[in-house]
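Oh and the sequence shown: position 579 is 580 in my numbering, straight run, nothing missing.
For reference, the structure discussed in these notes is given below.
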Amino acid sequence: MQTTKLLYGGDYNPEQWLDRPDILAEDLDLMQKAHVNVVSLGMFSWSLLEPEEGVYHLDWLADIIHNLYQRGISTILATPSAARPAWMAHKYPEVRRVRADRVRELYNRRQNYCYTSPVYREKVRAIDRKLAERFGHDPAVILWHISNEMGGECHCPLCQAEFRRWLQRRYGTLDALNKAWNARFWSHDYTDWDQIESPAPQGENAVQGLTLDWKRFVSSRHIDFFKFERDCVRQLAPDARFTTNMMYRFHDIDYFQMAKEVDVVSWDCYPTWHKSTETVEQTALDTAMMHDLFYSLKGKPFLLMESTPTCANWQPISKQKKPGISMLAALQTVAHGADSVCYFQWRASRGAEEKFHGAVIGHDGRSDSRSFREAAGIGAALEELAAAAGTARPRQAAILHDWDNMWAIEGSSGPRNAGMGYWKELALHYNALSRAGIAVDFVDQTCSLEGYGLVVLPMAYLLRESFARAVCDFAQKGGTVVVTYWSGVVDESDLCRLGDTPYGLTKLLGLRRAEIDGMYDGETRRCVLASDRLQEVTHASTLCEVAALDEADPAEPLVLYGEDYFAGAPAVARHRYGGGRAYYLASRFEPAFYDAFYQVVAGKAGLASCRPAALPEGVLAVRRGELLFLQNCNTIPALLPGGDELPGYGTAVYKADGMVRVL
Ligand code: GLA
Ligand code: ZN
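Here is the structure:
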């Protein structure tokens with residue numbers, strides 16, 4: 002795959018239009034007019050590719066691929082495993098998933114195959130081999146897109162047996178497993194591997210070590226299925242490159258693990274713009290956080306595989322992107338490290354579930370529609386920004402985001418079962434750093450911290466010994482660390498750490514957790530400056546951790562709780578450690594607190610902001626390679642340094658030697 006241009010295009014479903022050659026011909030003209038240079042094909046074509054068992058029809062697909070290629074449009078070719086034909090689901094019931102309540106599904110929808118079923122794997126192998134034989138060496142196919150938005154769980158007998166094998170490999174003996182799960186609790190010791198069942202609403206759901214291992218197992222099944230499909234194609238097409246489309250805040254798959262298996266990370270991005278509860282800047286930051294997460298998975302440019310040109314049809318309310326938002330979002334994607342902007346979908350389907358989903362070409366077929374005109378404008382802009390392709394983002398701050406930790410926090414009970422708000426916590430740190438013009442990566446507990454100046458551990462509840470050590474080393478060598486409440490609580494099996502916590506970090510922080518109090522929604526506690534208790538700093542909410550300072554080498558409290566029985570305990574504390582520093586945040590504070598906090602912390606950590614001084618509120622600054630992007634999330638024009646005006650929702654792109662372009 003080349004990186005000399007930005008890819009632009011999206012999902013194309015010509016299989017729905019084979020009886021309308023006029024429309025297929027028009028698609029080619031309009032794609033060219035919109036500067037489209039890539040399409041994704043085939044993800045939902047299985048019933049046409051193999052209408053009967055063992056009978057394959059690939060000619061129509063070859064024609065489409067080659068007609069596109071003649072017009073300079075390459076193909077990202079999907080394997081069709083996400084949606085199987087009806088004949089298969091009826092003939093082979095084992096390919097249908099079994100739900101957690103142990104009911105096998107009827108034939109329905111998509112993304113609901115059993116990833117363990119040998120029959121399903123055999124059918125997938127056969128169709129993937131046909132596609133690889135035909136297109137594996139075709140220059141028109143630049144990337145293979147395995148399946149579509151993998152996820153969900155299967156609880157069938159085949160998966161139960163596989164789960165037990167997975168546990169045997171992990172623990173070796175039942176004794177080790179019982180210990181790791183603390184199964185003695187409520188007398189749940191297992192005496193035979195066959196007694197172990199996946200969690201179920203009417204079955205086991207209180208052994209949290211089991212729930213955590215089940216999540217790991219399901220994730221590993223998806224990754225195994227991806228590898229299986231990838232290798233089916235690779236056997237016949239050794240030079241092929243692979244991706245699979247990942248999703249927003251997704252829970253089922255450890256994407257850090259998945260990313261090791263793909264050649265390029267890609268994701269599908271569907272923010273709900275124009276919510277009454279959120280500013281455009283907040284929606285943009287939420288989206289930016291995901292772009293940065295997907296960039297971080299490999300520390301390399303990623304692809305935006307899907308986004309809507311106008312609106313989705315599955316959100317609670319389907320709102321149109323207002324004029325200018327599509328351009329703002331597309332350029333933001335590039336600024337955060339994408340080498341593509343792609344849509345779902347090129348042309349709206351006529352019937353079934355997604356007929357009202359936004360598309361570049363709607364049911365009226367017009368090219369003077371707003372969706373087409375905006376899409377064509379974006380295509381032209383991406384051609385101008387071709388030099389951004391393949392370029393890297395700076396390394397400055399890293400936030401820990403770990404699937405294991407997220408699963409463990411969410412599967413645990415107490416101290417707040419009304420929602421721990423893990424993503425909300427991540428966003429508080431991300432938004433403040435981003436608004437300060439600091440580049441943020443996400444790391445998991447196996448990533449290196451090399452090259453970062455600041456590492457943030459928000460709610461690092463499940464903290465591995467090795468990562469705790471790496472964080473201490475990082476500080477020792479001069480790095481700055483921020484650790485929040487509810488960190489270092491359990492080990493990898495969700496067993497509580499014995500002794501002082503945050504486990505492995507008490508010396509770094511100069512304090513230990515004494516207790517943690519849950520706050521009702523809306524309940525807050527005043528926090529005051531340690532040096533002047535009359536000065537209010539912020540309010541604590543959600544969870545208030547009460548810490549005791551280390552007697553030998555105490556942290557310096559900067560902010561104190563100002564009320565409740567824990568008044569006077571540190572809410573924010575700082576501690577020197579080796580050549581670096583560590584900050585401790587005992588609770589969740591108001592967003593403005595983090596803006597002020599990270600201004601100081603990033604400055605002291607020596608991280609240079611890419612944000613020019615005196616930018617108005619609501620203008621975001623992001624650096625990628627040589628380019629600096631300033632994006633105005635306001636509807637009104639913003640005054641830029643130098644006196645230029647940036648229109649509402651406009652983007653200014655600068656190079657080192659000055660402004661390149663306002664888009
Ligand atoms: C997902 C799927 C697409 C389509 C879109 C609609 O991202 O991958 O096939 O259903 O959602 O938004
Ligand atoms: Zn199964």
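Note that CB positions come from ideal geometry on N, CA and C, so glycine has one too.
In the structure shown, the three-state DSSP call for Gln536 is strand. In the three-state reduction of the DSSP assignment, Glu646 falls in the strand class. The Cβ atoms of Val96 and Tyr116 lie no closer than 8 Å to each other. Cα atoms of Ala568 and Val490: separation of roughly 23 Å, rounded to the nearest angstrom. The count of Cβ pairs closer than 8 Å, one atom from the stretch 551 to 561 and one from the stretch 444 to 456, stays below three, leaving the stretches out of contact.
Distances taken from the Cβ of Tyr271 to the heavy atoms of the ligand GLA include one shorter than 7 Å. Judged by DSSP in its simplified three-state form, Thr507 adopts helix. Fully enclosed beta strand (DSSP E) runs of no fewer than 3 residues occupy 246 to 248 of the stretch 166 to 248, in order along the chain.
Residue side-chain check: Val219 keeps its Cβ at 7 Å or more from all non-hydrogen atoms of the ligand ZN.
Put simply, the backbone Cα of His223 is about 11 Å away from that of Gln112. Around the CB of His67, fewer than 16 other CB atoms lie within 10 Å, so the residue is classed as exposed.
In this model, Lys320 and Ala377 are separated by some 21 Å (Cα to Cα). Ranking Met306, Gln209, Thr245, His138 by CA distance to the CA of Ala238 puts His138 first. The criterion of a C-beta distance shorter than 8 Å is satisfied by Ile143 and Ile77. Annotation for Glu150 indicates a beta carbon within 7 Å of some heavy atom of the ligand GLA.
A straight line joining the alpha-carbon of Asp495 with that of Asp445 spans about 17 Å.
Assigned with DSSP and collapsed to three states, Phe475 falls in helix. Here Tyr521 is exposed: its Cβ has fewer than 16 other Cβ atoms, across all protein chains shown, within 10 Å. DSSP, read as helix, strand or coil, puts Ala381 in helix.
Distances from the alpha-carbon of Phe164 to those of Gly43, Leu213, His292, Val654 put Leu213 closest. With the rule of 3 Cβ pairs closer than 8 Å, the stretch 232 to 252 counts as touching the stretch 127 to 137.
Inside the stretch 406 to 459, DSSP marks whole alpha helix (DSSP H) runs of 4 or more residues at positions 423 to 436, from first to last along the chain. Cβ contact annotation for His430 (same chain, cutoff 7 Å, sequence separation greater than five): Ile400, Val457, Pro459, Tyr595, in chain order. Within a 10 Å sphere around the beta-carbon of Ser188 sit fewer than 16 other beta-carbons, which makes this residue exposed.
Taking the C-beta atoms as reference points, Gly11 is found no nearer than 8 Å to Glu282.
Going by DSSP, Arg135 is part of no beta strand (DSSP E) but of the alpha helix (DSSP H) stretching over 119 to 136. Judged by the Cβ position, Thr309 qualifies as a neighbour of the ligand GLA at the 7 Å threshold, a heavy atom of the ligand being closer than this. Cβ contact annotation for Asp264 (same chain, cutoff 7 Å, sequence separation greater than five): Arg242, Phe243, Thr244, in chain order. Contact between Asn149 and Met44 is confirmed by a C-beta separation of about 5 Å, below the 8 Å threshold.
In this model, Pro202 and Asp102 are separated by some 6 Å (Cα to Cα). Taking the Cα of Thr309 as reference, the smallest distance to any Cα among Glu375, Thr525, Asp30, Pro648 is reached at Glu375.
Rounded to whole angstroms, the Cβ separation of Ser267 and Leu304 is 4 Å, and the two are in contact under 8 Å.
The three-state secondary structure of Ser542, taken from DSSP, is strand.
Residue pairing for Trp268: DSSP places it in a beta bridge opposite Met247, Leu305. Residue pairing for Tyr585: DSSP places it in a beta bridge opposite Val484, Ala574. Each residue's CA atom was taken as its position, placing Pro302 and Ala382 some 19 Å apart.
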